[in-house]
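Worksheet for the structure shown next.
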Amino acid sequence: MSESSLDDVSDTSPNSSPLASTEESSDECTSNPPPSPPVASSSKRRKYDLYEPVVPLLETYWPPAANNNDVDHNLTETSSEESSSSEDEDDSEDEFSDGEQASDISSVYASDGSGNASDSGDDESCQEAIKVHDGTELTVDEGVLTIMDMFIKYKMEKVQMKGILMSVLKFLPKINNMPKTKHNLFKFIENLCPLSKEKVYFYCSVCHYYIGEQLALCHLCGNDPNKFYQLSLAEQLKSYFENHGLADVIDNYRASRQKEADGNSYSDICDGCEFKKVCADGYSLTLLGHTDGLSISDSSSACLWPCEFVFAEVPPHLRFKFILISGIWVDDCKPNMNTFLKPTVEELNVLSAQGVKWIHPQTEAEQVTRVKAPVMCADAPARAGIQNILAHGGKHCCNICEQKMKKLPREEVLPGVKKKARRRVYTYEERDLRLRSSDRMELQGRETRRKQAERGGPLTAVKGVRGSSVVSDIPGCDRSM
């Protein structure tokens, strides 16, 4: 969208809404195309550059409001009129009316049905150079990403975003290269930033036994399976390096830390002695893992548990802009961490040994990135599941040492007063207590399973350790931390 065409929108009367346009404005743009504004050309522009964001032109005409209800006021009127018909009917009505228009941008967001761009496009650089129309320097990529930025920022629904797209198209010349339907808009985004394909893994819905990729009944109890999802860490890493400028972020942060180097200062996790034991040069990464449960809705008892990682080599203010999602668990109960994390641990072992190959966007040289995941961060309930020890409140529930909790003496129960449960506390010990270690916890876990196999019945944890933990198989990961 050109600056002059946007000025025509801003010059409308104050009683008229910028989202409500007429056919007269569209004809006027067609007969008198706006002149091209003087915009400096940029070479080798990255599609997703965190340091050079796309200029939000549309925010000038849709300024942020005090709340989402104000932002979506005009959109709700548009969406209510269009929601009566189905999505397929809406897309069919908004298809190209001119065959020439479809042929001009068929290489941009055409698909062969499998999510990959068709062979009609020459290459990716040609797609980036396509302008919205002849009278502007704004590219189709920038226009689409600006609309998606509004979609995410204001938490819109898809039907509301379609109203934005339809309104924007009315202010453009009739011959333009923007996607004309909501379906084509999302297809364009999928080709612009391919999504990581998920894998489905199955587990027993009762005992949470890990079944694998093949759909089958539980081998232990014969109950029906349930499933969780696994996303490829290698594909996400490659996308971050090639499309999101992760290499530049790491280089800039490393250079700034060298300038401010001081042996006595601690400003980030990278200054710690434990981190220096596992860090590597080049573009090798240190992953910090995390998992926790969240409620999907108030009316559902199901919980969603994501397993995610961030990079320690990224500055703190950008650390949570680069998040790796490795697994998603949705169920009514908490996951068995040995089952949930098993595919993630297997992929981490491959990435640690072989790494992932990617092309540097600046030097066009092939790079290999290897990863390490030495630590997992979680709250007390999730931490107990990851370490496979007793939850907080158990006799040996401390994840640092092997101290045993003791119950307080019973309080005298007065008539008419409800009896209080006895509380467990850590009492002060004069002697030094044994600290936990990964190797010792592994031996205790084996002893627990051996006793259960011999005696049968309920599991009796040895020093609070319920069994082995899959995180012990991650190279450099200390289960006791």
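Using the numbering used here, you'd call the opening residue of the sequence shown number 6 and step up by one each time. The C-beta atom is built at its ideal place from N, Cα and C for all residues, glycine as well. In this text, all values refer to a predicted model and were calculated from it rather than measured experimentally.
Proximity test, residue i beta-carbon vs the ligand COA heavy atom, cut-off 6 Å
| i | result |
| --- | --- |
| serine 172 | With respect to small molecules bound, the structure shown includes none, and the ligand COA cannot be examined in it. |
For residue j and residue i, the rounded distance between their alpha carbons
| i | j | result |
| --- | --- | --- |
| serine 108 | asparagine 181 | With a pLDDT of only 35 at serine 108, under the threshold of 50, the placement of this residue in the model should not be trusted, and no figure is reported. |
| arginine 427 | valine 418 | 12 Å |
| asparagine 257 | serine 244 | 19 Å |
| histidine 519 | tyrosine 234 | Because the chain spans 6 through 486 in this model, residue 519 falls outside it and cannot be assessed. |
| leucine 353 | lysine 167 | 40 Å |
| proline 43 | aspartate 253 | At proline 43, the pLDDT of 45 sits below 50, so the modelled position is not reliable; the number obtained from the coordinates is stated separately. Cα-Cα distance, rounded: 29 Å. |
| glutamine 241 | glutamate 162 | 26 Å |
| cysteine 382 | glutamate 142 | 46 Å |
| lysine 160 | methionine 153 | 10 Å |
| valine 164 | lysine 185 | 14 Å |
| tryptophan 310 | cysteine 338 | 10 Å |
| asparagine 228 | glutamate 203 | 25 Å |
| isoleucine 220 | leucine 299 | Note that residue 220 is leucine in the sequence shown, not isoleucine. Their Cα atoms are separated by approximately 27 Å. |
| phenylalanine 156 | asparagine 248 | 21 Å |
| leucine 192 | aspartate 146 | In the sequence as presented, leucine is not what sits at residue 192; that position holds lysine. When rounded, the distance between both Cα atoms is 13 Å. |
Per-residue DSSP class, three states only, for residue i
| i | result |
| --- | --- |
| lysine 362 | strand |
| glutamine 408 | coil |
| valine 350 | helix |
| isoleucine 330 | strand |
| arginine 454 | helix |
| phenylalanine 314 | strand |
| lysine 158 | helix |
| lysine 192 | helix |
| valine 422 | coil |
| aspartate 103 | The predicted position of aspartate 103 is uncertain, since its pLDDT is 39 and thus under 50; a value taken from the coordinates is nonetheless stated next. The answer is coil: DSSP assigns aspartate 103 none of H, G, I, E or B. |
| aspartate 336 | strand |
| leucine 143 | coil |
| valine 319 | coil |
| lysine 136 | strand |
| leucine 309 | strand |
Selection from the options that minimises the alpha carbon distance to residue i
| i | options | result |
| --- | --- | --- |
| isoleucine 301 | Lys175, Ala285, Trp334 and Ser289 | Trp334 |
| serine 210 | Pro230, Phe191, Leu225 and Leu222 | Pro230 |
| aspartate 437 | Cys406, Leu220, Cys223 and Ala396 | Cys406 |
| threonine 432 | Phe191, Glu447 and Lys412 | Lys412 |
| cysteine 482 | Ala378, His397 and Val470 | Ala378 |
| glutamate 218 | Asn228, Gly399, Phe207 and Lys423 | Phe207 |
| aspartate 444 | Leu170, Met486, Leu299 and Val137 | Met486 |
| leucine 293 | Ala370, Arg324, Leu225 and Ser304 | Arg324 |
| threonine 349 | Thr296, Lys362 and Lys339 | Thr296 |
| alanine 260 | Phe345, Asn248 and Pro320 | Pro320 |
| leucine 329 | Ser237, Lys456, Cys226 and Gly398 | Ser237 |
Supposed close pair residue i, residue j - CB separation, criterion 8 Å
| i | j | result |
| --- | --- | --- |
| arginine 3 | glycine 472 | The question about residue 3 has no answer here: the residues shown for the chain are numbered 6 through 486. |
| glutamate 318 | threonine 291 | 6 Å |
| asparagine 269 | valine 475 | At roughly 39 Å, the Cβ-Cβ gap does not stay under 8 Å, so asparagine 269 and valine 475 are not in contact. |
| tyrosine 288 | glutamine 372 | 6 Å |
| glutamate 416 | lysine 425 | 6 Å |
| leucine 170 | lysine 187 | 7 Å |
| methionine 183 | glycine 148 | 6 Å |
| methionine 410 | arginine 429 | 4 Å |
Next on the checklist: I'd like the ranges of any beta strand (DSSP E) spanning at least 3 consecutive residues and lying wholly in the segment 197-273.
Outcome noted: 203-209, 215-217 and 230-236
Checklist entry - Can you give, in chain order, each stretch of the alpha helix (DSSP H) that sits fully within the segment 369-414 and has at least 4 residues? => result 385-392
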